[in-house]
Every structure is written in structure tokens, then in C-alpha cells.
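So the sequences go chain by chain: A and B.
Numbering that gives the first Met the number 0 numbers the first residue of the first sequence as 0 and each following residue consecutively.
Numbering that gives the first Met the number 0 numbers the first residue of the second sequence as 0 and each following residue consecutively.
We put the beta carbon where it would ideally sit given N, CA and C, even for glycine.
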Amino acid sequence: MFIIFVLSFIPVIIWSFMEPLGARFINLNATMTSLGQIFGLIGMVMFSINLILAGRFKFLDKYFHGLDKVYANHSRLGAIAFSLLLFHPLFLVVKYITFSLKQAALFFVPFINTPITWGIISLLIMIILISFTFYIKLKYNIWKMSHKFMVLAFFFAVLHTIFISSDVSRNNFLRYYILSIAFLGLIISIRQTIFNKFFIKTFKYKVKNISKLNSDILEIEMEKQNQKMDFNPGQFAFFSFIGDGVSSESHPFSISSSNIEDNLKITVKNLGDYTSHLNNLKKDDNVFINGPYGDFSYKKINNKNQIWIAGGIGITPFFSMAKGLENEYKVDLYYSVKEEKEAVYKKEFEEITQKNINFNFNLWNVAEKGYINGELILNSSKNLDGEDIFLCGPPMFMESLKSQFLSLGVDAKKIHYENFNF
Amino acid sequence: MKKLSTISLFIFAVVVIAILVAGLVFYQDKKNNQIANYGTGVMVQDTVNQLATSGKSLVLDMTEIAKHNKQTDCWILINGKVYNITSYFGSHPGGNDTMTATCGKNATAAYATKNPSANRSSGSSAHSSSANSMLGNYYLGDLNQTIGQQKIIQTNSIVTPVARGDDDEWDD
Numbered sequence: 000m001f002i003i004f005v006l007s008f009i010p011v012i013i014w015s016f017m018e019p020l021g022a023r024f025i026n027l028n029a030t031m032t033s034l035g036q037i038f039g040l041i042g043m044v045m046f047s048i049n050l051i052l053a054g055r056f057k058f059l060d061k062y063f064h065g066l067d068k069v070y071a072n073h074s075r076l077g078a079i080a081f082s083l084l085l086f087h088p089l090f091l092v093v094k095y096i097t098f099s100l101k102q103a104a105l106f107f108v109p110f111i112n113t114p115i116t117w118g119i120i121s122l123l124i125m126i127i128l129i130s131f132t133f134y135i136k137l138k139y140n141i142w143k144m145s146h147k148f149m150v151l152a153f154f155f156a157v158l159h160t161i162f163i164s165s166d167v168s169r170n171n172f173l174r175y176y177i178l179s180i181a182f183l184g185l186i187i188s189i190r191q192t193i194f195n196k197f198f199i200k201t202f203k204y205k206v207k208n209i210s211k212l213n214s215d216i217l218e219i220e221m222e223k224q225n226q227k228m229d230f231n232p233g234q235f236a237f238f239s240f241i242g243d244g245v246s247s248e249s250h251p252f253s254i255s256s257s258n259i260e261d262n263l264k265i266t267v268k269n270l271g272d273y274t275s276h277l278n279n280l281k282k283d284d285n286v287f288i289n290g291p292y293g294d295f296s297y298k299k300i301n302n303k304n305q306i307w308i309a310g311g312i313g314i315t316p317f318f319s320m321a322k323g324l325e326n327e328y329k330v331d332l333y334y335s336v337k338e339e340k341e342a343v344y345k346k347e348f349e350e351i352t353q354k355n356i357n358f359n360f361n362l363w364n365v366a367e368k369g370y371i372n373g374e375l376i377l378n379s380s381k382n383l384d385g386e387d388i389f390l391c392g393p394p395m396f397m398e399s400l401k402s403q404f405l406s407l408g409v410d411a412k413k414i415h416y417e418n419f420n421f
Numbered sequence: 000m001k002k003l004s005t006i007s008l009f010i011f012a013v014v015v016i017a018i019l020v021a022g023l024v025f026y027q028d029k030k031n032n033q034i035a036n037y038g039t040g041v042m043v044q045d046t047v048n049q050l051a052t053s054g055k056s057l058v059l060d061m062t063e064i065a066k067h068n069k070q071t072d073c074w075i076l077i078n079g080k081v082y083n084i085t086s087y088f089g090s091h092p093g094g095n096d097t098m099t100a101t102c103g104k105n106a107t108a109a110y111a112t113k114n115p116s117a118n119r120s121s122g123s124s125a126h127s128s129s130a131n132s133m134l135g136n137y138y139l140g141d142l143n144q145t146i147g148q149q150k151i152i153q154t155n156s157i158v159t160p161v162a163r164g165d166d167d168e169w170d171d
């Protein structure tokens, strides 16, 4: 995130040396114009960087410690860039207001001045798409489709930047800096949205078996067609199923099989819409897998004393991790479920406990015992010394436990979690 | 972050709608004011009046214009008329540099071509009619005319207005 802010402020530094700052802020009009320019410059760079963040790159996965965190930052940076770009015309219009309200009003009317029209179109597309993200709840796959039109908004923003007469058009360094970042973002996002089938490495698998673990939860087993995808237990991948009655949009799922198993498994809870259609999958349907991604692994830290806490379907990465868990790790797993029948893989975990004395399995039935809390967990896992904590479950569940642990004095660095909601 | 977007969107909507409505409602009003402002005849009359009442005066010759050759004090000559454009800095769509280059000089050619020096490539088109009418605000007097100090102070304190350009006048 720090690098992003540095990259975003470089154009402002260049801009500030182009003319004496005194002249830039000599009166109200000049100050407002300058602020408008600054907001436009920063917003544009942030928008470009945000498209790069959406590019699903392995190096970003590493740098941000998990693709889920990359997306969290994408969402944050997007909101900041959006706000800056909204204020960009508001500051610039001030100098027209002091002259004539009519001129100011015409500033917001499209199809009078071509570069300005591009800017207006770009902002309008952004406003509509951001509304879909924050205010109008769409089904995930429809939202995802709609969000791809951000590239169109960006395209118009780039046209606006190129053709408007401004400091960008007057200073070559500023021009090349802004435009090269913008084109990089444009190329990456076009690759990501339109040509992803050709550029992004996918593994081809076939559905081998589908089993219903309970009324809501499906386990899908897949067999490799040519190359096997290597992964660390706890990671996730994007799956695109090709079958009747199932949308081919790619969706992220944690892998629930262990890397020592031959076949790949995911365990999916029916959360409505897309996941409910996975019922329609049949044996031998094709699956295209892009991954693995994520940094949620017991192996990434040196500490061998660990507490794992799962809420509901958040058990999947832990199931993958527990099956291949080496004996030198001491792990207490807490598995919180609303009711007994929600507890899939209970039998399998009990078998692992019998084989591995260092692995403790605690099923926490909320219907019987009430909500699980941080104090209870720390008290019952006193035998573990200076343990690291792994959390996976619904966002509310993780946030609540995380803040409880922080207030109990657990170091934030020792709490690891998987953001499942992207 | 949803909060930030919401607040920005709200402010944006309010300001844009307010300006659009106000711009259309008060259009007629403003138009009349502008005519009053731009009547150069009125200005000249003013100058004459000031000359009569003011004790100090000076002659607008090239030597006098050349003294005002910097951004913080900038006079230029266009088509035989002298303008004090000091207060317009920061508002020129073509940037300050293009104007600074002509301070204290005859800017007739620069104004006609938007090309203050040979190495600039940004165009050789004329200024728009609204730019022309705006220039009237900064009018000091004709070349070699004698004017009162009051006029100079008056042009120095003009609130920098910006005219809408025909096509390429926009600053972003």
C-alpha cells in the first residue's frame, strides 16, 4: 500500500516543480484549480494501479500475503480514487462560478467540448458501477460482469487525460509517467477481462464425483486431465465449471483436499444462486482451474504451536491442512457450527486425532454451548505456548474473534485470517 | 470505504445539481451584467473621469510597459491597447508560462497565434471570442495614453474570470 501511495504522489511532485507554488496558490481561484489538478493526477494514477491490482498476479499474491488481501486493497484504493476523481471537476468549476454561473453549468454539460465529454462519460460510468458495488446488491456473477465495464470508464478517462490541454500535455515527463502507468493498467485489464482465456494459465480437470455431505454442502471431486496443480494446503483457486445448468463464470473456492491426495476436492456450501446450481454438475463435466492463490498456510510461519478456528464452511482450508499435518506441529482446532448436522468432516477429523496425538479437535456446537469466544479458546488451549492463531469463517465471525484476541493481548502479527468475501 | 464514496458522491451530486440549476435560472441575469462589464466605452469613460480626479498619472508608452515584465506585475500590449493581466495568472487555460513570456512586451502576435515562443508546439490558433471579451476586463488604456493610478489599482484587483473557450481553451 505504501508503494502505491508513493507512485500516486510522484506526479504531484513533478507538477509542483513545473511552476512556482506561490503562483499555484496565489488566490482562491488558482488554489481551487490546483487542487482540482492534483486530485485528477492522483486519482488517475490510483485508478491505473487499481486495474493492475485486479490483474490476479502471483507477485501481488506474495507481496500482499494473499490474493484476498489484494482484493481488499483493490476495493479500498478504488473508493479513494473514485472520490478524488469526483472532486476533480468540483474544484475546477470554482473559477467558472466566480465568472458566471452559466459557464459553470455548461462545464458539466456533455457534447460541448470533446475531451471534457470523455471525462464526463468516464465519471458517469464510474458512478453507475460504484453504485452496483456499494448500494445495489447484484448477484455475484452479474456484479462481476458489470464491474468489468470499469475498463471502459478507464478508457474514457485515459482519452480525457491525453487530449485535454493541461499540465499533463505541457510536461513531457509528467505526460509519459501518467500515460505509461495508464496504458499498463489498460493492457492488463483488457487481458484480464476480454482475453483471460488465452493468457491466464489454467489447469484442466474433469468432475469425478459429487457427494452431498448434508442438505446444504456439496463436495466436488475432480480428476486432472494432463498436468496436476501443485498447491499448499490452505490455498484457494478460481474454478470455472463447464456443464449444463451451471454458469461458466470463474469463482474462488478453498481447496479441501490435501496436496498428497491424487484428486482435487472443493467443499461448497449452498449460499444461493451460483452455488445452488453446482447441484446440476455431472460426472465428466470439464473444469478449468486458475491458481493456486492465497497465503493461508500453517507452513508459512515458524511457530509450530497453532490454534485453528473455523466457522461453518470455513473449515475447508483446515481440512486440507489437517490431512497432511506433520507430527511436529501442535494444533488445537476449534470448529464452530450452528447445529450438529452442519459439522461436515467430523468423522474424518476424529480419525486424524486418533492418528496424531498432537492434533486436538474441538467441535463447538453453538446451539448447545452458545457462541465461541476468544477467552474460552485461550483458556482451553493453555498447553500451547505463544501460539499463532488461524481464522477462517464468515466475515463477522472472524472480525469478532480477531478483536477479542487483540483485546486479550494477542499480538496482531500472530493472527492470520482468510478473507472469504470477494 | 463505502462511507467515503457515499460522502463524495453526495457532495458531487449536490454541487453539480446546484450549479446546473443556478446556471440556467440566473442565466438571463448574468448576461445583462456581462454586457455592462464588457462595454469598453464605459471603461474609457471611467479612465477619463479618473484622470480628471486623480492627482497622479502616467503615460502608457513602451518604456513604462517594459517595467511591468514579471508574473507578479505583468502588463502587455495587444493591438495598440495595454492590459494589466497580473490578476489573471493561475487562471489561463494555456498555463502561466505562456503569459509570463510576454510580460512587458508587445504580445499582439503571441495573442493572435497562442504561440509566445518558437519552441512551443501547442498551436497557432486565435483566441476565442469570449477570451477577447474577457480581455476587456484588464484594459488599462491605449498605447501612449495618459492614465490615473487608480486605474492600475482597479485592474490589479479584478477577480480572475475565465471565459469558456470555443474548443481548446479548457484547462482540466
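The way I'd put it, the stretch 267 to 280 of chain A doesn't touch the stretch 350 to 362 of chain A; fewer than three beta-carbon pairs between them come closer than 8 Å.
Less than 7 Å divides the Cβ of A/Phe-133 from the Cβ of B/Ser-4.
The same chain holds no residue with a CB closer than 6 Å to that of A/Val-108 once the five nearest residues on each side in sequence are set aside. In the DSSP assignment, the residues bridged to A/Pro-251 are A/Phe-237. In the DSSP secondary-structure assignment, B/Cys-73 is bridged to B/Asn-68. Beta-bridge analysis with DSSP links A/Tyr-333 to A/Ile-308, A/Asn-361. For B/Lys-1, the neighbours in chain A by C-beta distance under 8 Å run, in chain order, Ala-78, Phe-133.
A check of alpha carbon separations from A/Pro-393 across A/Lys-354, A/Gly-311, A/Ile-127, A/Ala-342 identifies A/Gly-311 as the nearest. When DSSP assignments are scanned along the stretch 152 to 225 of chain A, the uninterrupted stretches of beta strand (DSSP E) that are 3 or more residues long and fall wholly within it turn out to be 202 to 211, 216 to 223. Using beta-carbon distances, B/Gly-89 counts as an interface residue toward chain A, with a partner under 7 Å. Taking 7 Å as the threshold, the shortest C-beta distance from A/Lys-101 to chain B falls below it. Residue pairing of B/Val-58 in beta bridges, as defined by DSSP: B/Thr-145. Membership of A/Leu-263 in the beta strand (DSSP E) is indicated by the continuous run 263 to 268. Rounded to whole angstroms, the separation of the alpha carbons of A/Asn-213 and A/Lys-345 is 12 Å.
Nearest CB-CB separation between B/Ser-132 and chain A: not below the 7 Å threshold. By the Cβ criterion, the stretch 25 to 42 of chain A is not in contact with the stretch 52 to 61 of chain A, since fewer than three pairs of Cβ atoms, one from each stretch, lie closer than 8 Å.
Three or more pairs of CB atoms, one per stretch, sit closer than 8 Å, so the stretch 242 to 256 of chain A contacts the stretch 317 to 330 of chain A. Listed by position along chain B, the residues whose Cβ is nearer than 8 Å to that of A/Glu-18 are Gly-94, Asn-95, Asp-96. Taking the Cβ atoms as the reference, A/Tyr-370 lies roughly 13 Å from A/Met-397, outside the contact range of under 8 Å.
By the rule that beta-carbons nearer than 7 Å mark a contact, B/Val-14 touches chain A.
A/Gly-233 and A/Tyr-139 have their C-alpha atoms spaced approximately 23 Å apart. When the five nearest sequence neighbours on each side are left out, the beta carbons in the same chain lying within less than 8 Å of the beta carbon of A/Thr-113 are those of Phe-162, in order along the chain.
In terms of beta-carbon proximity, A/Leu-85 lines the interface with chain B, with at least one pair separated by less than 7 Å. For A/Leu-277, no alpha helix (DSSP H) run applies, since DSSP gives it neither H nor E. Contact between B/Leu-142 and B/Leu-59 holds, since their C-beta atoms are separated by about 6 Å, short of 8 Å. In the three-state reduction of the DSSP assignment, A/Gly-242 falls in the strand class. Per DSSP, the continuous beta strand (DSSP E) segment holding A/Asp-387 begins and ends at 387 to 391. Using a Cβ distance threshold of 7 Å, A/Ser-121 and A/Phe-155 count as a contacting pair. In summary, the residues of the stretch 108 to 131 of chain A whose CB is separated from some CB of chain B by less than 9 Å are Val-108, Ile-111, Asn-112, Thr-113, Pro-114, Ile-115, Gly-118, Leu-122, Ile-126, Ile-129, Ser-130, in the order they occur in the chain.
By the neighbour-count criterion, in which 16 or more other beta carbons inside 10 Å mark a residue as buried, A/Asn-262 falls on the exposed side. Nearest to A/Val-286 by alpha-carbon distance, out of A/Ile-96, A/Glu-325, A/Lys-203, A/Ile-177, is A/Lys-203.
Against chain B, the beta carbon of A/Phe-153 has no neighbour under 8 Å; the closest one sits roughly 16 Å away. Using a Cβ-Cβ cut-off of 7 Å, B/Ile-18 counts as an interface residue toward chain A, since at least one Cβ of chain A sits closer than that to its own. A/Ile-414 is positioned such that its CB atom lies no closer than 7 Å to that of A/Ile-376. In this structure, DSSP gives A/Leu-407 a state outside helix and strand, which the three-state scheme calls coil.
Here the stretch 123 to 133 of chain B makes no contact with the stretch 72 to 80 of chain B; the two share fewer than three CB pairs at distances below 8 Å.
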